[in-house]
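Q:
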Amino acid sequence: MVSSFKIITLLCCIVFGLNAFAQETSGSFSTQITTTYSYGYLLNKPKNVKSKKPLIVFLHGSGERGTDLEKLKIHGPLKYIQNHELDAYILAPQCPEIGNWEAESLYQLIQKIVKENNIDANRIYLTGLSMGGWGAWDLALAHPEIFAALVPIASFVNQMQEDDACKVKDIPIRIFHGLLDDVVVLNSVTIVFKNLKSCNADVQLTIFADADHDSWSRVYDNPEVYDWMLQQVKK
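Sequence positions in the sequence shown follow mature numbering (1 follows the signal peptide of the UniProt record, and there is no 0) and run -22 to -1, 1 to 213.
1) By how many angstroms is the C-alpha of S6 removed from the C-alpha of L104?
2) So G113 and I131 are in contact, right, with Cβ under 8 Å, and what is the actual spacing, rounded?
3) Is DSSP giving T105 helix, strand or coil here?
4) Just to confirm, is the Cβ distance from V135 to V170 under 8 Å?
5) Classify T168 as helix, strand or coil using the three-state DSSP reduction.
6) Rounded to whole angstroms, what is the Cα-Cα separation between P32 and Y198?
7) S83 to Q1, Cα distance in whole Å?
8) Which two residues bound the contiguous beta strand (DSSP E) that contains Y19?
9) Going by beta-carbon coordinates alone, are A143 and L174 separated by less than 8 Å?
10) Is A81 helix, strand or coil by DSSP?
11) Starting from Y15, follow the beta strand (DSSP E) in both directions and report where the run begins and ends.
12) Under 7 Å Cβ to Cβ from W115, same chain only, skipping five residues before and after it: list those, please.
13) Strictly by DSSP, which residues pair up with F186?
14) Restricting to Cα atoms, I'd like to know which of K212, K145 and L37 is closest to C73.
15) On the three-state DSSP scale, how would you describe A70?
16) Quick one: is E42 buried, meaning 16 or more other Cβ sit within 10 Å of its Cβ, or exposed?
17) Taking the straight line between their C-alpha atoms, what separation do you get for Y19 and Q89?
18) Rounded C-beta distance between G156 and L107? I'm assuming under 8 Å.
19) Can you give the Cα-Cα distance for C177 and L87, rounded to whole angstroms?
20) Closest by CA to S195, which one among F154, N22 and K213?
Set out below in C-alpha cells:
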C-alpha cells in the first residue's frame, strides 16, 4: 500500500511540474465597429423663412419604407399640407426598404436641418405612426432635451421604453391608439402612459373605440393636433 505521504509528494511533483511548463502572456485589444445609416428625406419649408419657425419631424410607418419619397405624402403632416397651410418646417425622413428607425442617426439629421435652416430650436416637435411611433419614442428617450412635444400614434412600445418613460416627463405628450388595433396591441401604450403619469408628466392618452390600426388618419387630418403642437415651447 502506498503511504499517504508518498501520494502527497507525488501530487506536489505533478503540480510543480505543470507550472514549470506554463506560459503567461499579456496584451491589449481595441476595435471600432461603424454602422452607416442613410435616409432620403423631404423637407417642406414655410412661406416666410425670414423669421425663426418651428420644425415638425414626422416618422412614417413600415409601409412607406423604400426610395420613393412620394410615399411620405400618403399619411401625416405632408398629406395635411396638401389642403392646409402650416407655418412650420416639416421634416420627413424615409427608412430604406429593410431598415428601421435608429435614434442617433435621426438626431444627427435633425441637427443638420436645424443648422441649415432658420428653425426655432425651442419648438421642435416629434410625431410618428406605427413603426414611426416606436421610432418617435426611441428618439425622444435618447434625446429628450431637443423636443417641445411628442405625438406617437398606433405605436409599439418595448419594455425598455416603458421602464425609461420618465426620461421624457418634461415633454408634453399626446398618445393616440385604436381600441380595435390588432397589429399593435393597446397594452404596451397603457403601461407607458401609467408610468408617465406616475412621474407627473403632461401626458394624455386618447383611445378611439371604433379605430383599428389606422388611428392616425383622424389625428393627422385634424387641425387641432397641429394647433396644440405649435403652441408648445421647450422649457
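Glycine included, each C-beta is placed from N, C-alpha and C at the ideal position. Note that the structure is predicted; figures quoted are calculated from it, not measured.
A: On the basis of the coordinates in this document:
1) Position 126 of the sequence shown, counting from 1, holds the residue named residue 104. Position 28 of the sequence shown, counting from 1, holds the residue named residue 6. When rounded, the distance between both Cα atoms is 43 Å.
2) Within the sequence shown, numbered from 1, the residue matching residue 113 stands at position 135. Within the sequence shown, numbered from 1, the residue matching residue 131 stands at position 153. Not quite, the Cβ-Cβ distance comes to about 12 Å (not below 8 Å), so this is no contact.
3) As a working note, residue 105 is residue 127 in the sequence shown. Strand, per DSSP.
4) Within the sequence shown, numbered from 1, the residue matching residue 135 stands at position 157. Within the sequence shown, numbered from 1, the residue matching residue 170 stands at position 192. Cβ distance < 8 Å, so V135 and V170 count as in contact.
5) One-based indexing of the sequence shown puts residue 168 at position 190. Reduced to three states, the DSSP call for T168 is helix.
6) Here residue 32 is taken as the residue at index 54 of the sequence shown, counted from 1. Here residue 198 is taken as the residue at index 220 of the sequence shown, counted from 1. Computed Cα separation, rounded: 17 Å.
7) On the sequence shown, residue 83 is found 105 positions in, with the first residue counted as 1. On the sequence shown, residue 1 is found 23 positions in, with the first residue counted as 1. In a straight line, the C-alpha of S83 is about 46 Å away from that of Q1.
8) The sequence position of residue 19 within the sequence shown is 41, counting from 1. Element bounds for Y19: G18 to N22.
9) Working through the sequence shown from its first residue, we reach residue 143 at position 165. Working through the sequence shown from its first residue, we reach residue 174 at position 196. For A143 and L174, yes; Cβs fall inside 8 Å.
10) The sequence position of residue 81 within the sequence shown is 103, counting from 1. Helix.
11) Position 37 of the sequence shown, counted from the start, is the residue given in the question as residue 15. Looking at the DSSP string, Y15 is not in any beta strand (DSSP E), and its letter there is neither H nor E.
12) For this step, residue 115 is matched to residue 137 along the sequence shown. Once the five neighbours on either side are set aside, the close Cβ partners of W115 are P130, S133, V135 and Q139.
13) Within the sequence shown, the letter at position 208 stands for residue 186. Paired residue(s): G156.
14) As a first step, residue 73 is located in the sequence shown; it is residue number 95 there, counting from the start. Here the closest residue by C-alpha is L37.
15) Here residue 70 corresponds to residue number 92 of the sequence shown, with the count starting at 1. Reduced to three states, the DSSP call for A70 is strand.
16) For the purposes of this step, residue 42 is taken as the residue at position 64 of the sequence shown. With 16 or more other Cβ atoms within 10 Å, it is buried.
17) Taking the first residue of the sequence shown as position 1, residue 19 is located at position 41. Taking the first residue of the sequence shown as position 1, residue 89 is located at position 111. Y19 and Q89: Cα-Cα distance of roughly 14 Å.
18) The sequence position of residue 156 within the sequence shown is 178, counting from 1. The sequence position of residue 107 within the sequence shown is 129, counting from 1. So it is not a contact: roughly 11 Å between Cβ atoms.
19) Against the sequence shown, residue 177 aligns to sequence position 199. Against the sequence shown, residue 87 aligns to sequence position 109. Their backbone Cα atoms lie some 30 Å apart in a straight line.
20) Counted from its first residue, the sequence shown places residue 195 at position 217. Checking every option, the nearest Cα to that of S195 belongs to F154.
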